[in-house]
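Q: Handing you a structure now.
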Amino acid sequence: MLGIAAAEVLIMISPFAGFFYASLQFEPVLGFLSTSPLTAWLDGFFLNHAVVTRSLLLEWQRKVGLGLIVVGLAGFVLSAVQLYGNKIRKRGVARGFLYRFVRHPQYLCLGVAGWGLLTMWPRFLLLGIWVTMLFLYAGLARFEERRMAERFGDDFRRFAEARSAFLPGSPVQRVFDATFGRLRPRALGWAAAYVVCLALAFSLGFAARAYTLASTAILIEPRHRTVVVSAWPKPEAWMANVLRAALSHEEVRRRLRDGREDAPIVATILPPRYGMKGMYYKLPPGQPASAGGRGPIMGVDPDTTDEPVDLVFARAEKAYRRTLALEEALNAGVRVTPLVVVNVVPASGEVTSVRVPLPRNAWGPNVVMPIF
Numbered sequence: 287m288l289g290i291a292a293a294e295v296l297i298m299i300s301p302f303a304g305f306f307y308a309s310l311q312f313e314p315v316l317g318f319l320s321t322s323p324l325t326a327w328l329d330g331f332f333l334n335h336a337v338v339t340r341s342l343l344l345e346w347q348r349k350v351g352l353g354l355i356v357v358g359l360a361g362f363v364l365s366a367v368q369l370y371g372n373k374i375r376k377r378g379v380a381r382g383f384l385y386r387f388v389r390h391p392q393y394l395c396l397g398v399a400g401w402g403l404l405t406m407w408p409r410f411l412l413l414g415i416w417v418t419m420l421f422l423y424a425g426l427a428r429f430e431e432r433r434m435a436e437r438f439g440d441d442f443r444r445f446a447e448a449r450s451a452f453l454p455g456s457p458v459q460r461v462f463d464a465t466f467g468r469l470r471p472r473a474l475g476w477a478a479a480y481v482v483c484l485a486l487a488f489s490l491g492f493a494a495r496a497y498t499l500a501s502t503a504i505l506i507e508p509r510h511r512t513v514v515v516s517a518w519p520k521p522e523a524w525m526a527n528v529l530r531a532a533l534s535h536e537e538v539r540r541r542l543r544d545g546r547e548d549a550p551i552v553a554t555i556l557p558p559r560y561g562m563k564g565m566y567y568k569l570p571p572g573q574p575a576s577a578g579g580r581g582p583i584m585g586v587d588p589d590t591t592d593e594p595v596d597l598v599f600a601r602a603e604k605a606y607r608r609t610l611a612l613e614e615a616l617n618a619g620v621r622v623t624p625l626v627v628v629n630v631v632p633a634s635g636e637v638t639s640v641r642v643p644l645p646r647n648a649w650g651p652n653v654v655m656p657i658f
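Each residue of the sequence shown is one higher than the last, beginning at 287 in the numbering used here.
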């Protein structure tokens, strides 16, 4: 009995495990996707991951994401313990805790945990896999219910009739029955619903991406063919002063002339003590790290310290097309190759150091990392 229960738990958690594993993939999966215009956008991000925006909504969802993971996984564990505790002790259908409200709280909780993970690592690829995971759990739930009806008969049928599958009131089931549920064979309805849900999810993802870009501190400098992104929300005049100070240094101008290859430049201003610099550049052995101690992962407001900021100049390109227009520099799937890292004190405009990074981020030379 324990062996069967363990096998069922493995089957139950497999879609979520696949989703979680996909979130950790960099090379070669993401590198391969970036080589075609049909798939390169899947590497892109639809919510902010690396910057602080001006939007309270976006900053709120960043904080909520971790909570959703904790609540979702805790709910899954508690539901699974009750379900398999009843099975091992032969107490019949589980009816307590979350099973009082829905028939499959364990899958609902894994979906919630998956959404939390998605808000923390919001790639389009992961969004598509999350939708796929939900459909796999819906199919797995239907399969399990057929088995339960055969095993427990009327007892399970009464249990099932008294509660919805995933959400109280069955709103998703009602929409499905009114639209795709009429298609025959039934598998055709499921396939059509899956395609429509994927398209809807990606459309909402691009809408969220547009809102995120509009909420991010961005300065377009056509004269220098440069897009400046500040990881901390700052006015355009402040960003322009930092850019001007960096470009006043001869070594910086030379590095940009030699390395830009007629591509637009994305210049990202990272605040003091920023904790995710590896997404933007990787220094060769022996290069000194940035000045300043450790701080919050998003760094500290540059106006509250006299420490310099990092200004990372990077070449914007796509694996299948090297030459981009300036307005394409922030498109989904754009890969940025760091050229030079400049330490600038914003208040005085002093350049304190110029460093040459490796032509890659910490995850690899072909991996698209978030620009915002």
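The beta-carbon is built from N, C-alpha and C at its ideal position, and this holds for glycine as well.
Skipping 5 residues on each side, what residues in its chain have a beta carbon closer than 6 Å to that of Thr512?
A: Ile551 and Ala553
Q: On the three-state DSSP scale, how would you describe Tyr566?
A: If DSSP states are grouped into helix, strand and coil, Tyr566 belongs with coil.
Q: Could you tell me the alpha carbon to alpha carbon distance between Tyr606 and Arg646, rounded to whole angstroms?
A: Using only the alpha carbons, I get a separation of about 17 Å.
Q: Is the separation between the beta-carbon of Val654 and that of Pro624 shorter than 8 Å?
A: In this structure, Val654 sits away from Pro624, with a CB-CB distance that is not shorter than 8 Å.
Q: Could you have a look at Asp544 and say whether DSSP puts it in helix, strand or coil?
A: helix
Q: Indicate the three-state DSSP secondary structure (helix, strand or coil) for Thr609 in the structure shown.
A: coil
Q: By how many angstroms is the C-alpha of Tyr497 removed from the C-alpha of Ala291?
A: With a pLDDT of only 49 at Ala291, under the threshold of 50, the placement of this residue in the model should not be trusted; the figure read from the coordinates follows. Distance between the alpha carbons of Ala291 and Tyr497: 45 Å.
Q: Taking only the alpha-carbon atoms, compute the straight-line gap between Phe438 and Arg381 and give it to the nearest angstrom.
A: 14 Å
Q: Could you name the residues of the same chain whose beta carbon sits closer than 7 Å to that of Ala478, not counting the 5 residues immediately before and after it, in chain order?
A: Phe466 and Leu469
Q: Comparing C-alpha positions only, which one of Pro643, Thr325, Ser320 and Asn652 sits nearest to Arg541?
A: Pro643
Q: Ends of the alpha helix (DSSP H) at Ser489?
A: Boundaries of the alpha helix (DSSP H) around Ser489: Arg472 to Ala500.
Q: Can you grab the Cα-Cα spacing for the pair Phe442 / Arg449, in whole Å?
A: 11 Å
Q: Apart from the five residues on each side of it in sequence, which residues of its chain come closer than 6 Å, Cβ to Cβ, to Val717?
A: Since the first residue of the chain shown is 287 and the last is 658, residue 717 is not available in this structure.
Q: Which residues mark the beginning and the end of the alpha helix (DSSP H) in which Val398 is found?
A: Per DSSP, Val398 belongs to the alpha helix (DSSP H) from Pro391 to Met406.
Q: Which of the three DSSP states is assigned to Asn527 in this structure?
A: helix
Q: Any idea which residues DSSP pairs Tyr423 with across the strands?
A: Answer is none; Tyr423 lacks a bridge partner.
Q: Kindly indicate which three-state DSSP category Val595 falls into: helix, strand or coil?
A: strand
Q: Classify Trp327 as buried or exposed, calling it buried when 16 or more other Cβ atoms lie within 10 Å of its own Cβ.
A: buried
Q: At the level of alpha carbons, what is the spacing between Phe362 and Tyr370?
A: 12 Å
Q: Verify whether the separation of the beta carbon atoms of Val515 and Thr502 is less than 8 Å.
A: yes
Q: Just checking: is the beta-carbon of Thr339 within a distance shorter than 8 Å of some beta-carbon in chain C?
A: The question asks about chain C, but that chain is absent: this structure has only one protein chain.
Q: Can you give the Cα-Cα distance for Arg559 and Ile583, rounded to whole angstroms?
A: So the two alpha carbons sit approximately 8 Å from each other.
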